[in-house]
Amino acid sequence: MTQSDNALFENLVKIHADSVTRVCYMNLNSLSDAEDAWQNTFIKLWRSRQMWNKPENELHKWLVTVALNECRDIKRKLFHRSHFDIDELNVTYTEDFDREVVTAVKALPEKYSSVIYLYYFEGYDIREISSILSANENTVKSRLKRGRELLKGVLRNE
């Protein structure tokens, strides 16, 4: 491993760290679990050097996909663990978004919250979300539509 490889990897982490952090936190609702998923995601990037020279949008989609898979793996392991109350945490990287909207999105079932998060917070289009989630485009569209309806209901109740 050369110094230029280290510098390239550090630059990739700097570019994508915030986005991967948000994906992990939105899916896990726990800062420590999100940090674990974040770390595992970038370890996989370290080991997948062929991804380092991919176009930035392709690398970003790959990182989001890996992060979502890491979150799913952690959720499977969390079934028997106790958790801290997420409302007690003060997480600065979600302050850019309206806390009420973020809380409402996290209250939705995962299949809807993931699609809404990727569409509105990360800016992916239907085709890209379909690729990231390995789902049919029509499935993504219907989840997005249903998620919006559920989100309206949650926000009205609050």
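Per my numbering, residue 4 is the first one in the sequence shown, and the count goes up by one each step. Ideal Cβ placement from N, Cα and C applies to all residues, glycine included.
Determine the direct distance from the alpha carbon of residue j to that of residue i, and round the result to whole angstroms.
i	j	result
E103	L158	8 Å
V94	L66	Because V94 carries a pLDDT of 45, less than 50, the predicted location of this residue cannot be relied on, and the following value inherits that uncertainty. When rounded, the distance between both Cα atoms is 22 Å.
E152	Y115	10 Å
L31	A37	6 Å
In three-state DSSP terms, what is residue i?
i	result
E131	helix
T95	Here T95 scores only 44 on pLDDT, less than 50, and its place in the model should not be relied on; the value that follows carries that caveat. Helix.
W55	coil
N141	helix
What span of residues does the alpha helix (DSSP H) with residue i cover, start to end?
i	result
E1	The chain is shown from 4 up to 161; residue 1 falls before or after that span and cannot be answered.
M29	6–31
Y123	From DSSP, Y123 is part of no alpha helix (DSSP H); its letter is neither H nor E.
Going by alpha carbons, who is nearest to residue i out of the options?
i	options	result
K109	K17, S33, S137	S33
E73	N43, L62, Q53, F124	N43
C27	Y122, T68, S137	T68
R25	E125, I132, K144, E113	E125
H19	Y120, R149, N60	N60
N141	D39, V118, A107, V16	V118
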